[in-house]
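Data block below; observations after.
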Amino acid sequence: MANDTQFRTCPDTGLKIHLPAEKLIKTNAVVAVVFLLVGGLFGLSVALTRWPAVHFLPADWFYLALTAHGLDVLLVWIIFFEMAILYFASAILLGCRLAAPKLAWVGFWLMLVGAVMTNVVVLMGESSVMFTSYVPMQADPLFYLGIILFAVGALLCCCCFFGTLVIAKNEKTYEGSVPLVTFGAITAAIIAVFTIASGAIILIPTLMWSVGLVSYIDPLMYKVVWWAMGHSSQQINVSAHVAVWYLIAAVIFGAKPLSEKVSRTAFLLYILFLQLGSVHHLLVEPGLSSEYKIFNTSYAMYLAVLASMIHGLTVPGSIEAAQREKGFNKGLFEWLRKAPWGNPAFSGMFLSLVMFGFLGGITGVILGTEQINLIMHNTLYVPGHFHGTVVAGTTLAFMAVTYLLVPLIFRKEILFPKMAQWQPYVFAIGVTGLSVFMMGAGTLGVPRRHWDITFTDAAMSFDFPGAAYLMLGLNGVSAVVASLGGAMFIIVVVGSLLFGKTKGEAAPAPAAEAPPTTAAAQYGSAAHLEVPGTFALAMVFLVSFVLYYFVNWKYLAETWGLS
Ligand code: HEM
Ligand SMILES: [Cu+2]
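Under the numbering used here, the final residue of the sequence shown carries the number 2029; numbering is consecutive throughout.
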């Protein structure tokens, strides 16, 4: 049985908090934010290099910075933060002790050593193989070893998460089924195990190849297996940030999902269909049949997209239902107008939801369609798309939930509330620009991962349309704005942790009703089910989706003149 001195009861939320779990959450979240800072600076330097008028870095540094950027933000920042979410969604939401905290610390240190090792070898040069590290490009063995250590560490953390679920069930720390947020975290952790296994299958032989023990790795086979990891890891991110959306809606509004069953089924669709969708990364590879590609991307992938659309509908739906119950019933949108737009946890979450759908989601379907993928493959459109998913979607959602974690877990008051209030908007504007202008440049044919599209010194010249240069300039400006938003986040968070006023442990005067937070820790659907406002928003989304989809078929049709 757990020792009761290892727990405290949160005076604001009534949640029972296991202290060793709390410490792990804090440490993982802080390390995550540090890597966001490092990775963000690399991102800024890359964007400034792609701005032709600035052309900030020399060629070798550009590819080095691009490699470090992809690793630090997509892998290190996001996964450290996800470990914090897993501990929160298990130990804290279930009011349970964390299984094997020592193992969780071993996991943490493996991840940290791996992340630092990979960063150091990348900075030493000779390992600028990009985040995807496609063979036959070869990095230093420590590059692969660092990633493998990081992954093993993450796997240990997932084990602690699953162990905690078992303890909670055995010790009956919760009633009925696990809450939806925990269910979302379980989805993320299951996909994580699949992801890490795929990573091991491809990276261990690649490590042996870089040491000289294996003589040859087939580039196509490498890509197929690498993307089983690369794409699935994005599904971890989506499951985790969707769980965060539900969490924030529950904490701020006391919102309950419109239907627990439907939301859970949508999470299940992620587990069943995400990996199949991985083939959208291989649409132009020779050697794979069209049947295989089309089945994966045009059938299986859409079931994963369906899941995201269900969440995109039920999260605002659950907020609308909660708001209408409180009496915000005027017209279609009073519930939304009267939402706490000055609370960065809410604004960040809602912006994340809208931008993930419009910027990341629609464009993902475009790229995942075999035929229209051809006009965008390997152009800047691709990074434009995924900055809509992993930055506007995941990163912004994680920033938003941090505004809840700082008072709840770190027991600190937010230090610069005005800056915090503006932060999600500044970051969102910058990221929207990044995403839209990279996609604009990509539509005009500008390649991704390219140091100099003016081809100075090249034997044969090629001229991109003038608008492409404009797009890259605007992209650079947007990168500065996004970096400003990122810096504001880091100043607020680090400032609050170091200098913020510590919140009192005394319980506030007993409230008349249970704090809304408890909705996050319970199973159950909303009572109010009419959500016309959300339905109207969904229609706007659908119309945009259909129009944009057909516009791209039109572009495709224009590539071959019929005469
Ligand atoms: C201030 C914020 C950011 C800026 C200015 C930025 C900018 C950029 C730019 C300009 C590229 C290069 C595109 C190319 O030339 O091919 C890029 C690539 C990339 N970015 Fe970001 N980014 C930011 C944040 C993030 C975040 C938070 C993530 C992940 C969560 C992310 C993930 C990636 C990845 C995975 C790549 C591709 C690397 C590769 O091609 O190997 N970025 N970013
Ligand atoms: Cu993918």
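Glycine included, every Cβ here is placed at the ideal spot set by N, Cα and C. It should be emphasised that the depicted structure is a prediction, and the values quoted were computed from it without experimental measurement.
Inset, instruction - Count the CB pairs spanning the region 1767-1785 and the region 1714-1725 that are closer than 8 Å, and state whether there are at least three. - result: Verdict: yes, contact present.
Inset, instruction - Whole angstroms is fine: what's the gap from Lys-1792's alpha carbon to Lys-1489's? - result: Linking Lys-1792 to Lys-1489 through their CA atoms gives a straight-line distance of about 36 Å.
Legend entry - Identity of the residues DSSP links to Pro-1685 by a beta bridge: None, per the DSSP bridge assignment.
Legend entry - Test item: CB-CB of Pro-1685 and Pro-1752 under 8 Å: no
Inset, instruction - Between the Cα of Ala-1694 and those of Ser-1676, Phe-1660, Phe-1501, spot the shortest distance and give me the residue it belongs to. - result: Phe-1660
Legend entry - C-beta contact flag for Met-1815 and Ala-1894 at 8 Å: no
Legend entry - Within the region 1819-1884, ranges of the alpha helix (DSSP H) (whole runs, at least 4 residues): At a cut-off of 4 residues, the continuous stretches assigned as alpha helix (DSSP H) that sit fully inside the region 1819-1884 are 1828-1833, 1836-1839, 1847-1852, 1862-1874.
Legend entry - Buried versus exposed, by CB contacts within 10 Å (16 or more), Val-1959: buried
Inset, instruction - Name the residue from Ala-1605, Gly-1952, Ile-1662 whose alpha carbon lies nearest to the alpha carbon of Gly-1505. - result: Per the Cα distances, Gly-1952.
Legend entry - CB of Leu-1552 within 8 Å of CB of Cys-1623, strictly: Leu-1552 is a Cβ neighbour of Cys-1623, given a cutoff of 8 Å.
Inset, instruction - Along the alpha helix (DSSP H) that carries Ile-1614, what are the first and last residues, could you check? - result: Under the DSSP assignment, Ile-1614 falls in the alpha helix (DSSP H) whose first and last residues are 1607-1636.
Legend entry - Backbone CA spacing between Lys-1635 and Thr-1493 [nearest angstrom]: Spanning the two alpha carbons is a distance of roughly 26 Å.
Legend entry - Any non-hydrogen atom of ligand 1 closer than 7 Å to Trp-1543 Cβ: yes
Legend entry - beta-carbon His-1697 near ligand 2 non-hydrogen atom, thresh 7 Å: Answer for His-1697: yes, Cβ within range of ligand 2.
Inset, instruction - Confirm, please, whether the CB-CB distance from Leu-1833 to Val-1750 is below 8 Å. - result: no
Legend entry - Pair within 8 Å by beta-carbon distance, Ile-1656 and Ile-1737: Remark: C-beta atoms of Ile-1656 and Ile-1737 approach each other more closely than 8 Å.
Legend entry - Check: Arg-1516 C-beta below 7 Å from any heavy atom of ligand 1: yes
Legend entry - Limits of the unbroken beta strand (DSSP E) element including His-1535: Unbroken run through His-1535 is the alpha helix (DSSP H), 1525-1535; no beta strand (DSSP E).
Inset, instruction - Can you tell me which of the three DSSP states Thr-1968 falls into? - result: strand
Inset, instruction - Taking only heavy atoms of ligand 1 into account, decide whether any of them is closer than 7 Å to the Cβ of Gly-1506. - result: yes
Inset, instruction - Keeping to the same chain, check which residues put their C-beta closer than 6 Å to that of Gln-1988; ignore five residues upstream and five downstream. - result: Pro-1645
Inset, instruction - Kindly indicate which three-state DSSP category Phe-1660 falls into: helix, strand or coil? - result: helix
Legend entry - For Thr-1584 and Leu-1537, believed in contact at Cβ under 8 Å, the rounded distance: 6 Å
Inset, instruction - May I ask you to check if the CB of Val-1512 is nearer than 7 Å to at least one heavy atom of ligand 1? - result: Within 7 Å of the C-beta of Val-1512 there is at least one heavy atom belonging to ligand 1.
Inset, instruction - Measure the Cβ-Cβ separation of Ala-1531 and Ser-1511 and say whether it is below 8 Å. - result: yes
Legend entry - Residue-chain proximity (Arg-1915, chain B), Cβ-Cβ < 8 Å: Of the protein chains in the structure, only one exists, and it is not chain B.
Legend entry - Beta carbon of Gly-1823 nearer than 8 Å to that of Gly-1778: yes
Inset, instruction - State yes or no: is the C-beta of Phe-1700 nearer than 7 Å to some heavy atom of ligand 2? - result: According to the sequence as given, residue 1700 is Gln; it is not Phe. Yes, the beta carbon of Gln-1700 sits closer than 7 Å to at least one heavy atom of ligand 2.
Legend entry - For His-1484, three-class secondary structure by DSSP: Three-state result, His-1484: strand.
Legend entry - Spatial neighbours of Arg-1914 in its chain, beta-carbon cut-off 7 Å, leaving aside the 5 residues before and after: Asn-1844, Thr-1845, Leu-1846, Val-1848, Pro-1849
Inset, instruction - Tell me whether the beta-carbon of Ala-1732 lies closer than 8 Å to the beta-carbon of Ala-1773. - result: The answer is yes: Cβ separation under 8 Å.
Inset, instruction - Would you check if the distance between the CB atom of Leu-1735 and the CB atom of Ala-1709 is smaller than 8 Å? - result: no
Inset, instruction - Put Arg-1474 into one of helix, strand or coil per three-state DSSP. - result: strand
Inset, instruction - Would you mind reading off the limits of the alpha helix (DSSP H) that contains Lys-2020? - result: 1998-2024
Inset, instruction - Note the first and the last residue of the continuous alpha helix (DSSP H) segment covering Lys-1759. - result: Per DSSP, Lys-1759 belongs to the alpha helix (DSSP H) from 1756-1760.
Legend entry - Three-state secondary structure (DSSP) of Pro-1752: coil
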